[in-house]
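The next block holds one structure in the form of structure tokens; read it before the comments.
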Amino acid sequence: MQGRGSGFFLRGRWPPGSQCPEKAGERAGTRPAMELLCCEVDPVRRAVPDANLLYDDRVLQNLLTIEERYLPQCSYFKCVQKDIQPYMRRMVATWMLEVCEEQKCEEEVFPLAMNYLDRFLAGVPTPKTHLQLLGAVCMFLASKLKETIPLTAEKLCIYTDNSIKPQELLEWELVVLGKLKWNLAAVTPHDFIEHILRKLPQPSEKLSLIRKHAQTFIALCATDFKFAMYPPSMIATGSVGAAICGLQQDEDVSSLTGDALVDLLAKITNTDVDCLKACQEQIEVVLLNSLQQFRQDQGDGSKSEDELDQASTPTDVRDIDLLGWTIRPDSWLGFQEAIGNCIHAHCSCSSLPLPAAYFGEKSALLTVVITVSNVF
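Its first residue numbered 1, the sequence shown is counted upward by one per residue in the UniProt record's numbering.
What follows is the structure, encoded as structure tokens:
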């Protein structure tokens, strides 16, 4: 078993091409005195949450006050960008998320990188051939701000199939910094998650699961341009609400349901109730569309459209990274309140890196192979 923060032990297994010490010892007339023991640990030192910040309402109010300073100033596809289309942004966002997932970046890195990308594109006309370079630069900057060990320029260039050079990435880093006026400490939806969760009447043992779901929805929103102009507090609140609604089939997940839950969430972040409902519904729609796209990609023609309309959410995003293209077997619970049926999907995915030629006229080089078998 492997993963960030967990360890695994290998006994009697040797790297490919190497010689087993035991067999080598037999041929030499000796035997090894001990077994090889390998242990993987998380070397990153992490600070514990500061209760003085989480339980001071002034911190939340300050976040709400300054959050709109870091939003894109316009819908740039209509008035700024002539060469870049919305589908190109979605594709480079998916690639960026894949890189962040594979490198096990902090949850905040990807949404922050997308904030940089949107703010840059809102002010600077950019050719489509430079979009992936811009995405790499934004990840580079975001990882410097949020990671203990940031991504390197050389590693990011490898993820582009070496279509860009480290020196080119460093030069563009200065360009992006100048256009953003060095305002990099942007407010993201993740900044609101803990403030929201601590004000909800939730069992403590369920908070971790709700948090994981909300983080998945935030990443999902960051890949879709329709959420780029939404205040981070609204995205965070809508994601928490969607996560709780998706888990309400479990007992005692929430003591609040329906309108009461929405009203409480809206009160916490001073959000209009109708706007919050609309945001949460859009999150559910985007999730449903993503799941349907997964099925279409694997060519499952055996299911009816009615079955495809059953939206679902991962039961545990520790096992499923929705758009990180790392999907491991697990069950999926019904997502919308009106749907009581369960859909169980067993998925495995693999994907290829995104070359610079991806944004050409016949760009279909990002191949996602998905195998799904449904068990009811």
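Glycine is no exception: its CB is placed at the ideal position from the N, C-alpha and C atoms.
All values derive from a computational prediction rather than experimental measurement.
Sorting T65, V99, Y55 by C-alpha distance to the C-alpha of L197 places Y55 at the top. Residue burial is scored here from C-beta neighbours: S208 has fewer than 16 other C-beta atoms within 10 angstroms and is therefore classed as exposed. Taking every protein chain shown into account, the CB of D118 has 16 or more other CB atoms within 10 angstroms, so this residue is buried. Excluding sequence positions up to five before and after Q81, its CB lies within less than 7 Å of the CB of L121, P125, T126, all in the same chain and listed in chain order. Taken in chain order, the UniProt domain "Cyclin-like" (94-178) contains no complete beta strand (DSSP E) segment of 3 residues or longer. Look at D50 here: in three-state DSSP terms it is coil, with no helix or strand label.
Per DSSP, N62 is one residue of the alpha helix (DSSP H) stretching across 57-66. With contacts defined as CB atoms closer than 8 Å, K146 and L112 qualify as a contacting pair. The segment 60-79 makes no contact with the segment 200-219; the number of CB pairs closer than 8 Å stays below 3. Comparing alpha-carbon positions, the option among I244, V109, E194, Q132 lying closest to N52 turns out to be E194. In this structure, V99 is the residue among R46, V99, E107, I235 with its C-alpha nearest to the C-alpha of V137. In the same chain as A186, and ignoring 5 residues on each side of it, the C-beta atoms closer than 7 Å to its own belong to Y70, L112, N115, in chain order. Take D224, set aside five residues on each side of it, and the residues of its chain with a beta-carbon closer than 6 Å to its own are V286, in chain order. Residue environment for I235: buried (at least 16 other C-beta atoms within 10 angstroms of its C-beta).
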